[in-house]
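Colleague: Please see the structure below; I have some questions.
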Amino acid sequence: MFIQMSGTGNFSSALKVGKFSETQAAIKDALRLNTGDAKLFYHAGMIARAGGDKTAAGEFINRALALNPQFDVLQATSARQILENLSR
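Set out below in structure tokens:
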């Protein structure tokens, strides 16, 4: 099955419908492009978190915020809250 991930919002949508392995593969491919896109790193963190990898989730989310602390009004706020929860 092929899932087209043309925008970062599609990662969240794919996760919501239970396409974890496909989403994980797609984000790895996207990260190989090394675009420096904060939203991409945020979504990588959310995918890692969904897979139970708290360490990778924190690293990706920290990278997103380091690249652009205000990369998205809602997602940047969510990222900070998630980091706080991951550290507990």
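Counting from 1237, one number per residue, gives the positions in the sequence shown under this note's numbering.
Built from N, CA and C at the ideal position, the CB exists for glycine as well.
In the structure shown, what three-state DSSP assignment does Phe1307 receive?
Modeller: Phe1307: coil per DSSP, three-state reduction.
Colleague: Measuring only the C-alpha atoms, how far is Arg1268 from Ala1274?
Modeller: Straight-line Cα distance between these residues: approximately 14 angstroms.
Colleague: Mind listing, in chain order, the continuous alpha helix (DSSP H) runs of no fewer than 4 residues lying wholly within the segment 1259 to 1318?
Modeller: 1274 to 1286 and 1290 to 1303, all fully within the segment 1259 to 1318.
Colleague: Taking the alpha-carbon positions, what's the Thr1271 to Arg1299 distance?
Modeller: Their Cα atoms are separated by approximately 12 angstroms.
Colleague: Would you kindly check if the distance between the Cβ of Gly1287 and the Cβ of Leu1322 is under 8 angstroms?
Modeller: No, they are not a contact pair.
Colleague: Kindly list the residues whose CB is nearer than 7 angstroms to the CB of Ala1280, restricted to its own chain and excluding five residues on each side of it in sequence; keep chain order.
Modeller: The answer, listed in chain order, is Ile1263, Leu1267 and Phe1296.
Colleague: Taking the C-alpha atoms as reference points, what is the distance between Leu1303 and Lys1290?
Modeller: Straight-line Cα distance between these residues: approximately 20 angstroms.
Colleague: DSSP on Ser1257, reduced to helix/strand/coil?
Modeller: Residue state, collapsed to three classes: helix.
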